[in-house]
Amino acid sequence: MNQSITRDLTRIASDLAKSVDQLCFAEPVTHVYNPLVYAWKAHQEYLSLANGNLEALFLGMNPGPWGMAQTGVPFGEIAAVRDWMQIECPVDKPPNEHEKRPIEGFACQRSEVSGRRLWGLFSEHYVTPDAFFQSQFVVNYCPLVFMEQSARNRTPDKLPANEREPLTAVCDYHLLAVMQLLKPRFLVAVGVYAEACFKRVVQQGNFDATIVRILHPSPASPAANKDWAGKVTKQLVNAGVWKS
Numbered sequence: 001m002n003q004s005i006t007r008d009l010t011r012i013a014s015d016l017a018k019s020v021d022q023l024c025f026a027e028p029v030t031h032v033y034n035p036l037v038y039a040w041k042a043h044q045e046y047l048s049l050a051n052g053n054l055e056a057l058f059l060g061m062n063p064g065p066w067g068m069a070q071t072g073v074p075f076g077e078i079a080a081v082r083d084w085m086q087i088e089c090p091v092d093k094p095p096n097e098h099e100k101r102p103i104e105g106f107a108c109q110r111s112e113v114s115g116r117r118l119w120g121l122f123s124e125h126y127v128t129p130d131a132f133f134q135s136q137f138v139v140n141y142c143p144l145v146f147m148e149q150s151a152r153n154r155t156p157d158k159l160p161a162n163e164r165e166p167l168t169a170v171c172d173y174h175l176l177a178v179m180q181l182l183k184p185r186f187l188v189a190v191g192v193y194a195e196a197c198f199k200r201v202v203q204q205g206n207f208d209a210t211i212v213r214i215l216h217p218s219p220a221s222p223a224a225n226k227d228w229a230g231k232v233t234k235q236l237v238n239a240g241v242w243k244s
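With full-length UniProt numbering applied, the sequence shown covers 1 to 244.
#1: Among Leu159, Ala69 and Gly205, which has the Cα closest to the Cα of Ala177?
#2: Under 8 Å by Cβ, that's how I've got Pro28 and Arg154 pegged, so tell me the actual separation to the nearest angstrom.
#3: Just checking: is the beta-carbon of Asp8 within a distance shorter than 8 Å of some beta-carbon in chain B?
#4: Going by DSSP, what residue range makes up the alpha helix (DSSP H) through Arg185?
#5: Where DSSP assigns a beta bridge to Phe122, which residues make up the other side?
#6: Rounded to whole angstroms, how far is the Cβ of Met61 from the Cβ of Ala194, which I believe are closer than 8 Å?
#7: Could you pull out every residue in the same chain whose Cβ sits closer than 6 Å to the Cβ of Leu187, ignoring the five residues on either side in sequence?
#8: Among residues of its own chain, excluding the 5 on either side of Thr30, which ones have a beta-carbon nearer than 7 Å to its beta-carbon?
#9: Sorted by chain position, which residues of the same chain lie with C-beta nearer than 7 Å to His98's C-beta, five sequence neighbours on each side aside?
#10: Pull up the distance between the alpha-carbon of Ser14 and that of Leu36, whole angstroms please.
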C-alpha cells in the first residue's frame, strides 16, 4: 500500500463523486446510481491497492448493474472482489432505487460476465492481487449507472449532447488526474469507447503513454464469447504490456 497514492486517489474520486452528483439527466433516463457514494467504503478499499509508476492502466466505460454497481469496484464481479481482492464492505442503497435493479451489495447472487472474464484473466496471469496491483490498475471512465424506466441500461455515449458534454468534461478531468498520479506506461482501453476517451484526454493533457485497445469482455460482443482470455492475452503480449 502506498499511503500517498491512496490519499490522492481518494481525494480525486471524492471530487468526481461530488461533481457527477451535481449533473442532471432527463428521460428516457429515470434512475441514476452513483456507487462512489453508496459503495464508497468498498471503493476506498479498492483504491488503497493502487501503486504509482504503473506498467498499465486499464479503462472501462461505466459500472455494470451486477458488478461495480454492487461492489464499488470497476468491473467488480462479486466473487473476484470478495475472494481474490479480499474486499467486502457494507454497501448502502442509492436514493432512487429501481425495483428491477436492486442494490444488494456483496449479497447479490448475480454475476457480471465482463467482470468475471476480466478479473479472471488477471488472477490467472498474476496469481496474487499484490502481483497484479504492483504494476496494473483498473478504473472506469464514468462512475454512474443510467437506467430507463424499463430498467434498460443506457450507456453514457447514448446520452444527448447537452447531458453528455458536461459529464465528459468532469470525467476527462478525473481521468487525467488519475493518469498524472499513477504515471502508467500503457493506457489499456477495454473497448472502443474507452480508447476514444484515452485519446481525447492524452491530447488535452499532453500525456506521454502508449494507448492499447483490447477486446471488450461483454457477452454482447460475439467475438468475446469464444476464447476472450486467449485473444486478449495475445493483444497485451503483442503490444508489449505483458510478457509471454
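Here a beta-carbon is modelled for each residue, glycine too, at the ideal position from N, C-alpha and C.
These numbers were taken from a predicted model, which means no experiment stands behind them.
By the coordinates alone:
#1: Gly205
#2: 7 Å
#3: Any reference to chain B falls outside this structure, which holds one protein chain only.
#4: That residue, Arg185, is in no alpha helix (DSSP H); it is neither H nor E in DSSP.
#5: Answer is none; Phe122 lacks a bridge partner.
#6: 6 Å
#7: Leu57, Phe198, Ala209 and Ile211
#8: Met147, Glu148 and Gln149
#9: His31, Met147 and Ala151
#10: 8 Å
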